[in-house]
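Participant: The structure under discussion is supplied below as structure tokens; questions concerning it will follow.
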Amino acid sequence: MKKVLISFVLLCMSAFAFSNEVNIFDSGKSKGSVRSYINYSTVFVDAQAMAKKLGGESQFFAQSKQMRIKIKSFTAVINAGKTEIIVNGQQEKLSLPAEITKSKIYIPVDFFLHKALSEALGRQLLFSDGKFCLERFYNIEYLNSETFNTHSIVVFDMKKDLPFTKTVKNKRVAEVEIQGGIFKRIGTVRLKDKFINNFTVKKCGDNECIRFLTSPKTDGWSLEKEGRNLVFKAWEKGFGAAAADASLPAVKREDNISQSDDEDDDGEILAEDSFFSSSAVVIARAKPSAVQTTSKNTKRKMKIVIDPGHGGKDPGATRKYSSTEKDINLWIAKELYALLKKKGFDVKLTRDNDTFLALNQRSKISNEFDADLFVSIHANASKKTAAQGFEVYFRSEKATDSEAAETAAFENEALQYEDTKINLAFADKLLQFLAVNEYINESSKLAGHVRNSVKATAGTGIRVNPNSSIKQANFYVLKGVDSPAILVECGYISNPSDRKQLNTKAVRNKLAEGIYKGILSYAKAEGWQ
Numbered sequence: 133m134k135k136v137l138i139s140f141v142l143l144c145m146s147a148f149a150f151s152n153e154v155n156i157f158d159s160g161k162s163k164g165s166v167r168s169y170i171n172y173s174t175v176f177v178d179a180q181a182m183a184k185k186l187g188g189e190s191q192f193f194a195q196s197k198q199m200r201i202k203i204k205s206f207t208a209v210i211n212a213g214k215t216e217i218i219v220n221g222q223q224e225k226l227s228l229p230a231e232i233t234k235s236k237i238y239i240p241v242d243f244f245l246h247k248a249l250s251e252a253l254g255r256q257l258l259f260s261d262g263k264f265c266l267e268r269f270y271n272i273e274y275l276n277s278e279t280f281n282t283h284s285i286v287v288f289d290m291k292k293d294l295p296f297t298k299t300v301k302n303k304r305v306a307e308v309e310i311q312g313g314i315f316k317r318i319g320t321v322r323l324k325d326k327f328i329n330n331f332t333v334k335k336c337g338d339n340e341c342i343r344f345l346t347s348p349k350t351d352g353w354s355l356e357k358e359g360r361n362l363v364f365k366a367w368e369k370g371f372g373a374a375a376a377d378a379s380l381p382a383v384k385r386e387d388n389i390s391q392s393d394d395e396d397d398d399g400e401i402l403a404e405d406s407f408f409s410s411s412a413v414v415i416a417r418a419k420p421s422a423v424q425t426t427s428k429n430t431k432r433k434m435k436i437v438i439d440p441g442h443g444g445k446d447p448g449a450t451r452k453y454s455s456t457e458k459d460i461n462l463w464i465a466k467e468l469y470a471l472l473k474k475k476g477f478d479v480k481l482t483r484d485n486d487t488f489l490a491l492n493q494r495s496k497i498s499n500e501f502d503a504d505l506f507v508s509i510h511a512n513a514s515k516k517t518a519a520q521g522f523e524v525y526f527r528s529e530k531a532t533d534s535e536a537a538e539t540a541a542f543e544n545e546a547l548q549y550e551d552t553k554i555n556l557a558f559a560d561k562l563l564q565f566l567a568v569n570e571y572i573n574e575s576s577k578l579a580g581h582v583r584n585s586v587k588a589t590a591g592t593g594i595r596v597n598p599n600s601s602i603k604q605a606n607f608y609v610l611k612g613v614d615s616p617a618i619l620v621e622c623g624y625i626s627n628p629s630d631r632k633q634l635n636t637k638a639v640r641n642k643l644a645e646g647i648y649k650g651i652l653s654y655a656k657a658e659g660w661q
């Protein structure tokens, strides 16, 4: 008896030995490898390299020791030294803490087996014997084939009971359509068998089909269910299906099967017009999948959200003989909006009239707009009338100084006007791991460009201290913004000199111009212009 096993590139051999690498296979085709090691009997892999192999992108933030991974609709924030992670906005835990080595974050492999990642990929990612295997969500799998003196069999494993129909195309061609069937692989397997030449798995409308091409020596065939197996049998003349059944051996499962026995074939989709002829069937070479990079997308417009602080029942800072802060903010924001639109940016205002808007709604608007930058416009106030000047803030859990903390506390007072009370303790805990922390580096860059440009803009009459005008504080409006974000304090309404300038329309326009130039400078520096 001659036995033929078609092996689909030995992917997950049990005799695996770690060599500081984990290999990745996509439907049996190698996608290379990533660095790895074992700690506490758990395999850790290079998170950034693995994300790239899956067509995603990542950002590492040295200051917060965090990494943001985005693979299609899957987004995660990983924290070195912690088991806590954020997956699509929800807090979860790794089996072991992520580890940092030479500016690289290594994480347990189970992170990449997350259900949400498989759903984003539209494929299932499996890990077995030290190898990642990316496969379809299949319910039918080719197991093996065997050849005997008088007949041959091809065996498939059906993971669920599915109805099927059999069709005789001609004497040598049989086709089986399986309703709701999803095969592990699409393509052709060449058997080089004296009774079965090959079989092809292909799409048949909404279903999938197997088409068998038998050899000229074949006199008959059958296809029947054997337990959870689907078994195709082809035999020589004088040897019927009953005899083939009697000699059918126990089926041995082969988990990993190759697309064909021709090592030169590296595709997996069969060209629609190349189904069966008397010559060999050729598998079309698959196009390599596009890989996203971390570089800026210069082919699209930068998306910017301008947020005029306060509004409606929340006036912001107020003083006698002065416009309210909410009105000053709206004026500057509208002027800034017009300048950015004229330059070709894709811009959105969180409010364009005297309307109250909750702080968390502002970050929600930005995220739903998929903004690349978020700029919140404000005017400051202090118990000390001597306090003055233009300042730019970016978010941090810890304030730069007591004045920065006071400013944040004042702006966060807007929460008292919200109908829905915010669980700040929970939000703070959660947002320690969210993208707002990860964008701290980019936010600080944006703050620097805006500060420098406003300082260089003549006609504001508002002081810009080059040494203390960029600060950090815990502003609630900046929490949850999934992009670089700054809060601009255009001056102090509580200071007589600044108040006079802020109540001058020409000065407001100049402040908008300075902020605009800063955003433009940042965009050019980051490759957007």
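The opening residue of the sequence shown carries number 133 in this note's numbering; numbering runs sequentially from there. Ideal Cβ placement from N, Cα and C applies to all residues, glycine included.
Is the Cβ-Cβ distance between Asn461 and Ile509 less than 8 Å?
Facilitator: Yes, Cβ-Cβ distance for Asn461 and Ile509 is below 8 Å.
Participant: When we look at the beta-carbon of Asp446 and count the other beta-carbons within 10 Å, is it buried (16 or more) or exposed?
Facilitator: Answer is buried; the Cβ neighbour count reaches 16.
Participant: Rounded to a whole number of angstroms, what is the C-alpha to C-alpha distance between Ala588 and Ile594?
Facilitator: Their backbone Cα atoms lie some 11 Å apart in a straight line.
Participant: With distances taken Cα to Cα, identify the nearest neighbour of Trp367 among Thr350, Ala513, Asn302.
Facilitator: Comparing Cα positions, the closest option is Thr350.
Participant: Using the Cα positions of Thr487 and Asn499, report the straight-line distance between them to the nearest angstrom.
Facilitator: Rounded to the nearest angstrom, the two C-alpha atoms are 20 Å apart.
Participant: Between Phe315, Gln633, Thr517, Ala657, which has its C-alpha nearest Asn627's C-alpha?
Facilitator: Comparing Cα-Cα distances from Asn627 to each of Phe315, Gln633, Thr517, Ala657, the minimum goes to Thr517.
Participant: Which whole-angstrom value describes the C-beta separation of Leu481 and Ile436, a residue pair presumed to lie in contact below a C-beta threshold of 8 Å?
Facilitator: That pair is no contact at about 10 Å.
Participant: What's the call for Tyr453, buried or exposed, on a 16-neighbour Cβ count within 10 Å?
Facilitator: That one is exposed.
Participant: Starting from Arg689, follow the beta strand (DSSP E) in both directions and report where the run begins and ends.
Facilitator: The first residue shown for the chain is 133 and the last is 661, placing residue 689 beyond what the model contains.
Participant: Nearest to Lys197 by alpha carbon, out of Lys214, Cys341, Arg432?
Facilitator: The option with the nearest alpha carbon to Lys197 is Lys214.
Participant: Taking Lys263 as the reference, give the member of Tyr270, Ala579, Ser162 with the closest Cα.
Facilitator: It is Ser162 whose Cα lies nearest to the Cα of Lys263.
Participant: Please state the DSSP three-state secondary structure of Asn641.
Facilitator: If DSSP states are grouped into helix, strand and coil, Asn641 belongs with the helices.
Participant: Can you grab the Cα-Cα spacing for the pair Leu245 / Arg483, in whole Å?
Facilitator: Leu245 and Arg483: Cα-Cα distance of roughly 41 Å.
Participant: Along the chain, where does the beta strand (DSSP E) that runs through Ser498 open and close?
Facilitator: First-last for Ser498: 491 to 500, but that is the alpha helix (DSSP H), not the beta strand (DSSP E).
Participant: For a test of the three-state rule: what should DSSP assign to Phe244, helix, strand or coil?
Facilitator: The answer is helix: DSSP assigns Phe244 an H, G or I state.
Participant: Could you name the residues that DSSP lists as bridge partners for Trp367?
Facilitator: In DSSP, Trp367 forms a bridge with His283, Gly352.
Participant: Can you tell me whether Lys561 is helix, strand or coil according to DSSP?
Facilitator: Confidence at Lys561 is low in this model, with a pLDDT of 40, below 50, so the placement of that residue should be treated as unreliable; the coordinate-derived value is given next. Reduced to three states, the DSSP call for Lys561 is helix.
Participant: Enumerate in chain order the residues of its own chain whose CB-to-CB distance from Phe259 is below 7 Å, with the five nearest sequence positions on each side excluded.
Facilitator: Cβ neighbours of Phe259 beyond the five flanking positions: Val241, Leu245.
Participant: Any idea what DSSP makes of Leu186, helix, strand or coil?
Facilitator: If DSSP states are grouped into helix, strand and coil, Leu186 belongs with coil.
Participant: Asp486 lies in the beta strand (DSSP E); which residues open and close that run?
Facilitator: Taken as a continuous stretch (DSSP letters only), Asp486 belongs to no beta strand (DSSP E), as it is neither H nor E.
Participant: Taking 8 Å as the cut-off, does the segment 277 to 288 touch the segment 171 to 183 (at least 3 CB pairs, one atom from each stretch)?
Facilitator: Counting Cβ pairs under 8 Å, fewer than three are found: no touch.
Participant: Please work out which residues of its chain come closer than 8 Å, Cβ to Cβ, to Lys326, disregarding the five sequence neighbours upstream and downstream, and give them in chain order.
Facilitator: The residues are Thr279, Ser284, Ser347, Lys349.
Participant: DSSP on Ala306, reduced to helix/strand/coil?
Facilitator: Of the three classes helix, strand and coil, the one that applies to Ala306 here is strand, per DSSP.
Participant: Decide if Asn599 is buried, meaning its Cβ has at least 16 other Cβ atoms within 10 Å, or exposed.
Facilitator: By the 10 Å Cβ count, Asn599 comes out exposed.
Participant: Using only CA atoms, which one of Val286, Ala179, Phe331 lies nearest to Asn361?
Facilitator: Ranking the options by Cα distance to Asn361, first place goes to Val286.
Participant: Whose C-alpha, out of Met182, Ala252, Phe269, Ile203, is nearest the C-alpha of Gly188?
Facilitator: The shortest C-alpha separation from Gly188 is found at Ile203.
Participant: Could you pull the start and end residues of the alpha helix (DSSP H) that Ala579 belongs to?
Facilitator: It spans 572 to 588 - the alpha helix (DSSP H) in which Ala579 sits, taken as one unbroken run.
Participant: DSSP puts Gly440 in a beta bridge; with which residues?
Facilitator: The sequence shown places Pro at residue 440, not Gly. Per DSSP, Ile509.
Participant: Would you identify the three-state DSSP class for Leu619, choosing helix, strand or coil?
Facilitator: Strand at Leu619.
Participant: According to DSSP, is Leu226 helix, strand or coil?
Facilitator: Coil.
Participant: Would you report the Cα separation of Ser205 and Ser601, rounded to the nearest angstrom?
Facilitator: Each residue's alpha carbon lies about 38 Å from the other.
Participant: Label Gln520 either buried or exposed according to how many other C-beta atoms from any shown protein chain fall within 10 Å of its C-beta, with 16 as the threshold for buried.
Facilitator: Burial call: buried.
Participant: Among Val363, Ala230, Ile618, Ala638, which one has its Cα closest to the Cα of Phe344?
Facilitator: Of Val363, Ala230, Ile618, Ala638, the residue nearest in Cα terms is Val363.
Participant: For Arg255, does the three-state DSSP call read helix, strand or coil?
Facilitator: Looking at Arg255 - three-state DSSP - the assignment turns out to be coil, as it is neither helix nor strand.
Participant: Please say whether Ala465 and Ala513 have beta carbons closer to each other than 8 Å?
Facilitator: Not in contact: Ala513 and Ala465 (Cβ atoms no closer than 8 Å).
Participant: Express the C-alpha separation of Val524 and Leu491 in angstroms, rounding to a whole number.
Facilitator: C-alpha separation (whole angstroms): 18 Å.
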